[in-house]
Amino acid sequence: MIHVSVVGATGYTGGELLKILLAHPAVRVVHATSESRPGQALADVHPFLRGRLDLTLEGFDARRLAADSDVAFFALPHGVGSKNIAEFVARGKRAIDLSADFRLKNVKTYEVWYKVKHASPALLKKAVYGLPELYRKDIPGASLIANPGCYATTTILALTPLVRRKWLVPGSVVVDAKSGVSGAGRKLDAMYLYTEVNENLQAYSVIKHRHVPEIEQVLGDQARGAVSLTFVPQLVPMTRGILVTAYGTLRRPLAAAALRRAFEEDFGGERFIRLLPEGKWPRTQDVAGTNHVDINIALDERHRRVVVLAALDNLVKGAAGQAVQNMNLLFGLPEAEGLK
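Position 172, counted from 1, in the sequence shown is what our numbering calls 258; the numbers after and before it change by one each time, with no gaps.
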């Protein structure tokens, strides 16, 4: 049995983690922490846990958590948990970080985009980017997993087969990304109030979203060369789900069959990636509550442009589900254990 702690258990991601972990046959949740609500019953924050997980929220104590846990999930905002992670990992334990703190390899890039000073830059060299479909072999021996962002996961998987083959004109990629409100986290902000989001569709962080350098870093790694793109996120009045539409101009004419074959070659054996039948397009309701990513491709022959659509649940494959997928790999379990 793997003993697990969740640090930052009161948010949407923390709640989703607890929901998945509670159903995992090889896991026992031993600690749940919150700096804002220590001493409060966990079930008071997440009522769905009532009668299922009898834990009291506590403050973070690296020594206590390390003594009782094999691994800890850190579901904290960026810039908040990196010192705690350093303390925990220093005690010989494994950490899976769901914030952005260890995704970017360049400290200056992180500090420019996130506008905070990195508290534990020395750990960046130890961190493994936890996108199993691309970095599966690197994950089992890691002490620290940087769980990818939700937009980043969707966009990277949508574009990887194309950038690997260098089929796209450099600088031609434009990504339209729509997300449910839970992607913003469980916080009080006027932008996310019901009366602001209901019956409303709006763009935000246009061309300046913080996942851009993460996406470009990983796609550049897959392409073995620099990749740049234009990224426009939009907020949709629903709770969960992401739909990405990525457009790119082809360097040379290609048949639709060749494009599809590239995705089949790269992802055909992946448990959680579903390449949809021709003419069937990804829908957020089909991936809600699951760890799946649905993808399909279209070719605009008139303009030599490829269009890739991808959908996932931002709280599952975009966060908690992918984190558990990484945990399974860390401990030698079947990758899909405890996941839908």
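All C-beta atoms in this analysis are idealised placements derived from N, C-alpha and C, irrespective of residue type, glycine included. In this text the structure is predicted, and so the values were computed from the model without any measurement.
Item: Can you give me the C-alpha to C-alpha distance between residue 195 and residue 201, rounded to a whole angstrom?; Value: 10 Å
Item: CB residue 409 to CB residue 184, shorter than 8 Å?; Value: yes
Item: With a 10 Å radius around its C-beta and 16 neighbouring C-beta atoms as the bar for buried, classify residue 192 as buried or exposed.; Value: exposed
Item: Taking the straight line between their C-alpha atoms, what separation do you get for residue 198 and residue 312?; Value: 19 Å
Item: Please go through the stretch 128 to 174 and give each complete beta strand (DSSP E) segment of 3 or more residues, from N-terminal end onward.; Value: 157 to 160
Item: When burial is assigned at 16 or more other CB atoms within 10 Å of the CB, is residue 264 buried or exposed?; Value: buried
Item: I need the DSSP call for residue 410, collapsed to helix, strand or coil.; Value: helix
Item: Under the rule that 16 or more other beta-carbon atoms within 10 Å means buried, what is residue 347, buried or exposed?; Value: exposed
Item: Between the Cα of residue 363 and the Cα atoms of 159, 388, 395, which residue gives the shortest distance?; Value: 395
Item: Pick helix, strand or coil for residue 335, following the three-state DSSP scheme.; Value: strand
Item: If I measure Cβ to Cβ from residue 329 and keep anything under 6 Å in the same chain, skipping five residues before and after, which residues do I get?; Value: 264, 370, 397
Item: Three or more beta-carbon pairs under 8 Å between the stretch 126 to 135 and the stretch 97 to 106, yes or no?; Value: yes
Item: According to DSSP, simplified to helix, strand and coil, what is residue 321?; Value: strand
Item: Would you kindly check if the distance between the Cβ of residue 261 and the Cβ of residue 210 is under 8 Å?; Value: no
Item: Check the DSSP bridge columns for residue 215 and list the partner residues they point to.; Value: 232
Item: Using a Cβ-Cβ cut-off of 6 Å (strictly less than) and excluding sequence neighbours within five positions of residue 126, which residues of its own chain qualify?; Value: 143
Item: Are the CB atoms of residue 156 and residue 110 within a distance shorter than 8 Å?; Value: no
Item: Kindly list the residues whose CB is nearer than 6 Å to the CB of residue 217, restricted to its own chain and excluding five residues on each side of it in sequence; keep chain order.; Value: 234
Item: When you compare only the Cα positions, how much space is there between residue 352 and residue 386?; Value: 22 Å
Item: Within a Cβ cutoff of 7 Å, which residues of the same chain sit near residue 331, ignoring the five residues on either side of it in sequence?; Value: 262, 393, 395
Item: When you compare the CB positions of residue 250 and residue 336, do they come within less than 8 Å of one another, or not?; Value: no
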